[in-house]
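Working notes, structure below.
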C-alpha cells in the first residue's frame, strides 16, 4: 500500500513538471525515435533488444517547449508520447529497431493505441537522417503491400525535432508496475505478424 501511494505521489508531482530537452547520444551511439502510444509500453519493447543502450520516455512532434505531462495529456501541444532509443549500430541495425516498432503497435489506427486515446498516443517514426527516412518508408511500404493489415498504415514518418525527457516518474515505469504482467492479463492482438520480437510481452 505504501509503495502504491508513493508511486501515485511521484506521478502526480510529475504531471506539472516541465520536461527538459534531451541531448545527443554519447559518442559511438546512434539514436532513433518512435511514438507508439503510451511510452511506458514502448520502453518495454525496446529495452531487451541487444545493442540498445538506453531508452528515454519523452515528448516530441509538437511546438510547445519544455511541456509537462499534463500539458501533453491535454492534447493542445501537438506532442506525442515517444521514446528516444540510444543504440550501438555495431550491434543492432536501424532496420531491426523499426521491425520491433511495427510488431508492438497497431499502425492502422489514428490518434490512439489500444486503450489509450488522444493525439498524444498517435504512432510515428521520427527519422534523424535521410537513411533512416528511406528505411522507415521502405518498411512501411512492405507492410502495406503484405496484405496482412485490416486497413492502410496511418503511422506518420517525419523528421525528428526537439525531444523533451518526460519526468523521472515516467522513466522505466513498466518495471515498477509490471506492465508486462498487466498486458499478459489483457491480451492485445498486434496486427503485424511475423517472427517473435524481443521483449517480455512477446517472448
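Residue numbers (my numbering): 10 to 212.
Don't be surprised by glycine CBs; every beta carbon is placed ideally from N, CA and C.
Residues in its own chain within less than 8 Å of residue i by CB, not counting five upstream and five downstream?
i	result
residue 161	117, 153
residue 144	103, 104, 107
residue 170	69, 70, 135
residue 31	65, 67, 93, 172, 173, 174
residue 101	58, 59, 60, 61
With a 10 Å radius around its C-beta and 16 neighbouring C-beta atoms as the bar for buried, classify residue i as buried or exposed.
i	result
residue 168	exposed
residue 155	exposed
residue 83	exposed
residue 138	exposed
residue 18	Low local confidence applies: a pLDDT of 48 at residue 18 is under 50, so the model's placement there is unreliable, with the coordinate-based value given in what follows. Answer is exposed; the Cβ neighbour count stays below 16.
residue 71	buried
residue 52	buried
residue 147	exposed
Does DSSP classify residue i as helix, strand or coil?
i	result
residue 68	strand
residue 43	strand
residue 13	At residue 13 the pLDDT is 49, less than 50, meaning the model places this residue with poor confidence; the figure from the coordinates comes in the next sentence. Correct three-state label for residue 13: helix.
residue 173	strand
residue 61	strand
residue 22	Interpretation of residue 22 is limited by its pLDDT of 47, a score under 50 that renders its predicted location unreliable; no figure is taken from the coordinates.
residue 141	helix
residue 150	helix
residue 129	helix
Which same chain residues, not among the five before or five after residue i, have their C-beta less than 7 Å away from its C-beta?
i	result
residue 119	131, 163
residue 56	64
residue 204	Caution applies to residue 204, whose pLDDT of 44 falls short of 50 and renders its modelled position unreliable; the model cannot decide the point.
Among the options, which has the Cα closest to the Cα of residue i?
i	options	result
residue 184	50, 38, 42	50
residue 126	46, 95, 55, 40	46
residue 166	98, 99, 107, 39	107
residue 58	94, 201, 180	94
residue 97	137, 114, 122, 61	61
residue 44	79, 91, 73	91
residue 181	48, 36, 39	48
residue 140	31, 34, 39	39
residue 109	35, 33, 37, 41	41
residue 128	111, 37, 81	81
Hey, could you find the ends of the beta strand (DSSP E) residue i is sitting in?
i	result
residue 135	132-136
residue 94	89-96
residue 168	165-168
Identify the continuous alpha helix (DSSP H) that holds residue i and give its terminal residues.
i	result
residue 50	48-55
residue 107	103-112
residue 81	78-83
Below 6 Å CB to CB, which residues in the same chain sit around residue i once its five sequence neighbours on both sides are set aside?
i	result
residue 149	162
residue 186	none
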